[in-house]
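Mapping of the sequence shown onto numbering that gives the first Met the number 0: position 81 corresponds to residue 80, and the numbering continues sequentially without gaps.
Where is the CB? At the ideal position from N, CA and C, for every residue including glycine.
Predicted, not measured: the structure shown is a model, and the values here were computed from it.
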Amino acid sequence: MAARFDRYRATMGYNGLINARQFSTAASWPSEYDYPDTAYDHSLRLETDGLALELQHARGETDDHTWVWWPERRILWTGDLFIWVAPNAGNPHKVQRYAAEWAAALREMSSRDPELLIPGHGAPIFGPERVRQALTDTAEWLESLVSQTLALMNAGATLEQVLREVKPPAHLAERRYLQPVYDEPDYVVRNLWRLYGGWYDGVPSHLKPAPEADIGREAITLAGGVDRLVSRARALAAEGRLALASHLVDWAVAALPEHREAHAARAAIYEQRAQEARALMTRGIFSAAARESAEKASPGASPSPQGRGPG
Numbered sequence: 000m001a002a003r004f005d006r007y008r009a010t011m012g013y014n015g016l017i018n019a020r021q022f023s024t025a026a027s028w029p030s031e032y033d034y035p036d037t038a039y040d041h042s043l044r045l046e047t048d049g050l051a052l053e054l055q056h057a058r059g060e061t062d063d064h065t066w067v068w069w070p071e072r073r074i075l076w077t078g079d080l081f082i083w084v085a086p087n088a089g090n091p092h093k094v095q096r097y098a099a100e101w102a103a104a105l106r107e108m109s110s111r112d113p114e115l116l117i118p119g120h121g122a123p124i125f126g127p128e129r130v131r132q133a134l135t136d137t138a139e140w141l142e143s144l145v146s147q148t149l150a151l152m153n154a155g156a157t158l159e160q161v162l163r164e165v166k167p168p169a170h171l172a173e174r175r176y177l178q179p180v181y182d183e184p185d186y187v188v189r190n191l192w193r194l195y196g197g198w199y200d201g202v203p204s205h206l207k208p209a210p211e212a213d214i215g216r217e218a219i220t221l222a223g224g225v226d227r228l229v230s231r232a233r234a235l236a237a238e239g240r241l242a243l244a245s246h247l248v249d250w251a252v253a254a255l256p257e258h259r260e261a262h263a264a265r266a267a268i269y270e271q272r273a274q275e276a277r278a279l280m281t282r283g284i285f286s287a288a289a290r291e292s293a294e295k296a297s298p299g300a301s302p303s304p305q306g307r308g309p310g
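Given below as structure tokens:
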């Protein structure tokens with residue numbers, strides 16, 4: 000935990016910016032922390048006023064997580080290892096997360112046969128059978144993503160192929176506590192790829208890519224002008240092909256950062272993507288992009304460059 004606080008101090012500006020993007024708030028991040036006066040690596044027995052609690056370290060959403068077990072009453076506090084939604088194991092903005100160890104921690108919790116689960120967020124779960132199901136289902140969800148991802152990586156698949164083929168277990172799709180409303184399964188897969196394979200995605204042009212602005216200028220040339228590129232992006236969005244439309248408008252504004260019409264299209268496309276997104280992480284990033292371009296598309300923004308742009 001002390002190392003985490005040190006990292007927070009070193010990345011205050013970045014953390015403020017990503018919090019603003021994720022949660023649509025003002026950019027801010029604390030600079031003062033209460034460092035722990037007691038630290039442990041694996042487990043710690045905490046006794047106070049005749050009460051004995053077992054603290055267990057686990058790596059999951061963070062590398063410094065603790066879950067708490069009260070043997071006498073068979074009560075389990077999971078912290079954010081269980082939060083009534085699909086595990087937040089792939090946040091696009093955050094440092095490495097640990098899906099396999101997260102699942103192992105859930106299995107260990109279940110082995111204690113708890114009668115009451117008190118989660119990091121949401122309502123408690125009563126009854127050993129219901130608690131066991133919640134813990135083991137979540138473990139299985141994570142384990143499935145890990146095993147599928149590793150199998151494809153070992154077979155030589157690219158990241159794009161892995162993202163296309165890896166899916167959570169179908170029989171768990173309707174579980175209320177495994178819905179992707181905070182994080183998304185493909186973000187977990189990306190995190191697994193980073194953990195086990197690094198950042199290279201298997202596409203050679205991505206190893207040392209051209210600047211986005213250069214790609215944008217070439218796209219404008221091929222399209223016969225920025226207006227045609229933007230028009231095509233709008234047409235793709237109208238067909239529901241929002242991911243592809245996003246590439247085109249991102250290229251347009253990268254090549255011509257002051258072009259109001261390109262920003263207007265970008266704002267509309269990302270606003271639509273935000274409205275269709277279930278996961279908070281996804282919605283926050285798309286909404287931030289929409290707001291950014293909406294500001295640059297407003298009448299008070301700098302005028303669009305004259306002409307058709309490169310090509």
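### Task
Spatial neighbours of Val67 within its chain, please: CB distance less than 6 Å, with the 5 preceding and 5 following residues excluded, ordered by chain position.
Taking the sequence shown and counting its residues from 1, the one referred to as residue 67 is at position 68. Cβ neighbours of Val67 beyond the five flanking positions: Leu52, Leu54, Trp76.
### Query
Is the segment 207 to 220 touching the segment 115 to 132, taking contact as three or more C-beta pairs under 8 Å?
Flag = no, the segment 207 to 220 and the segment 115 to 132 do not touch.
#### Entry: Buried/exposed call for Tyr13, threshold 16 Cβ in 10 Å
For the purposes of this step, residue 13 is identified with residue 14 of the sequence shown, where counting begins at 1. Exposed is the call here.
### Task
Would you mind stating whether Gly59 and Ala104 have Cβ atoms separated by less than 8 Å?
To locate residue 59, count along the sequence shown from 1; it is residue 60. To locate residue 104, count along the sequence shown from 1; it is residue 105. Contact flag set, yes.
### Query
DSSP on Ser297, reduced to helix/strand/coil?
The sequence position of residue 297 within the sequence shown is 298, counting from 1. Note: Ser297 maps to coil in three-state DSSP.
### Message
Assuming Gly89 and Tyr199 are in contact, meaning their beta carbons sit under 8 Å apart, how far apart are those beta carbons, in whole angstroms?
### Response
As a working note, residue 89 is residue 90 in the sequence shown. As a working note, residue 199 is residue 200 in the sequence shown. Not confirmed; about 18 Å, so no contact.
### Query
Ala209: which of Ala254, Leu228, Ala244 sits nearest, CA to CA?
The sequence position of residue 209 within the sequence shown is 210, counting from 1. Closest in C-alpha terms to Ala209, from the list Ala254, Leu228, Ala244, comes Ala254.
### Message
Any heavy atom of the ligand MG inside 7 Å of the beta-carbon of Arg282?
### Response
The ligand MG is not part of the structure shown, which contains no ligands of any sort.
### Query
So Glu211 is in the alpha helix (DSSP H); what residue range does that whole segment cover?
Taking the first residue of the sequence shown as 1, we reach residue 211 at position 212. Here the alpha helix (DSSP H) through Glu211 covers 211 to 222.
### Message
Quick check on Gly239: does DSSP put it in helix, strand or coil?
### Response
Against the sequence shown, residue 239 aligns to sequence position 240. Correct three-state label for Gly239: coil.
### Query
Which residues in the same chain as Arg315 place their Cβ atom closer than 7 Å to its Cβ, once the five residues preceding and following it in sequence are excluded?
Since the displayed the chain opens at 0 and closes at 310, residue 315 lies outside it and no answer follows.
### Message
Whole angstroms are fine: how far does the CA of Ala287 sit from the CA of Leu16?
### Response
Counting from 1 along the sequence shown, the entry for residue 16 is found at position 17. Counting from 1 along the sequence shown, the entry for residue 287 is found at position 288. Near 11 Å, if we compare the C-alpha coordinates of Ala287 and Leu16.
### Thr65, DSSP secondary structure in three states
Residue numbering aside, residue 65 sits at position 66 when the sequence shown is read from its first letter. Assigned with DSSP and collapsed to three states, Thr65 falls in strand.
### 6 Å CB neighbourhood of Ile74 in its chain, flanking five on each side removed
Locating residue 74 in the sequence shown gives position 75, counting from the first residue. Leu115, listed in sequence order.
### Query
According to DSSP, what are the bridge partners of Pro118?
Translated into the one-based positions of the sequence shown, residue 118 becomes position 119. According to DSSP, which records beta bridges pairwise, Pro118 is partnered with Gly78.
### Beta-carbon proximity list for Ala296, same chain, < 7 Å, skipping 5 on both sides
Taking the first residue of the sequence shown as position 1, residue 296 is located at position 297. Arg259, His262, Ala263, Ala266, listed in sequence order.
### Query
Any idea which residues DSSP pairs Ser204 with across the strands?
Here the question's residue 204 lines up with position 205 in the sequence shown. Beta-bridge partners assigned by DSSP to Ser204: none are found.
### Message
For Ala156 and Val202, what's the separation of their Cα atoms in angstroms?
### Response
Within the sequence shown, the letter at position 157 stands for residue 156. Within the sequence shown, the letter at position 203 stands for residue 202. Our two residues, Ala156 and Val202, have alpha carbons roughly 10 Å apart in a direct line.
### Message
What residue range does the alpha helix (DSSP H) around Thr47 cover?
### Response
Translated into the one-based positions of the sequence shown, residue 47 becomes position 48. No alpha helix (DSSP H) contains Thr47, which is instead part of the beta strand (DSSP E) from 42 to 47.
### Rounded straight-line distance, which links the Cα of Gln271 to that of Thr281
Here residue 281 corresponds to residue number 282 of the sequence shown, with the count starting at 1. Here residue 271 corresponds to residue number 272 of the sequence shown, with the count starting at 1. As the crow flies, the alpha-carbon of Thr281 is around 12 Å from that of Gln271.
### Query
With 16 as the cutoff for other CB atoms within 10 Å, does Ser110 come out buried or exposed?
As a position in the sequence shown, residue 110 is number 111, starting the count at 1. A residue is called buried when at least 16 other Cβ atoms come within 10 angstroms of its Cβ; Ser110 does not meet this threshold and is exposed.
### Message
Residues in the same chain with beta-carbon distance under 7 Å from Leu45, minus the five sequence neighbours each way, listed in chain order, please.
### Response
Here the question's residue 45 lines up with position 46 in the sequence shown. Taken in chain order, the residues that qualify are Leu52, Leu54.
### Task
Kindly indicate which residue of Ile82, Glu291, Val165, Leu144 has the alpha-carbon position closest to the one of Tyr97.
Locating residue 97 in the sequence shown gives position 98, counting from the first residue. Among Ile82, Glu291, Val165, Leu144, the Cα nearest to that of Tyr97 belongs to Leu144.
### Task
Sort Val161, Pro127, Tyr176 by Cα distance to Ala138 and report the nearest one.
Along the sequence shown, read from residue 1 onward, the residue named residue 138 stands at position 139. The residue from Val161, Pro127, Tyr176 with its alpha-carbon nearest to that of Ala138 is Tyr176.
### Task
Can you tell me which of the three DSSP states Gln55 falls into?
Taking the first residue of the sequence shown as 1, we reach residue 55 at position 56. Note: Gln55 maps to strand in three-state DSSP.
### Query
Three-state secondary structure (DSSP) at Leu255?
Within the sequence shown, residue 255 is the residue found at index 256, counting from 1. Looking at Leu255 - three-state DSSP - the assignment turns out to be coil, as it is neither helix nor strand.
### Message
Which residue wins for smallest C-alpha separation from Leu162, given the options Lys207, Leu171, His170, Met152?
### Response
Sequence index remark: in the sequence shown, residue 162 carries index 163 (1-based). That would be Met152, whose Cα lies nearest to the Cα of Leu162.
### Task
Please look up how many angstroms separate the CB atoms of Tyr34 and Ala1, rounded, as I've assumed it's under 8 Å.
Position 35 of the sequence shown holds residue 34. Position 2 of the sequence shown holds residue 1. In this structure, Tyr34 and Ala1 form a Cβ contact; the two beta carbons are roughly 6 Å apart against a cut-off of 8 Å.
### Task
Please say whether Val130 and Gln147 have beta carbons closer to each other than 8 Å?
Taking the first residue of the sequence shown as 1, we reach residue 147 at position 148. Taking the first residue of the sequence shown as 1, we reach residue 130 at position 131. No.
### Spatially closest choice to Arg3 from Arg290, Gly197, Lys93, by CA coordinates
Position 4 of the sequence shown, counted from the first residue, corresponds to residue 3. The candidate whose alpha carbon is nearest that of Arg3 is Lys93.
### Query
According to DSSP, what are the bridge partners of Phe22?
To locate residue 22, count along the sequence shown from 1; it is residue 23. Listed as beta-bridge partners of Phe22 by DSSP are no residues whatsoever.
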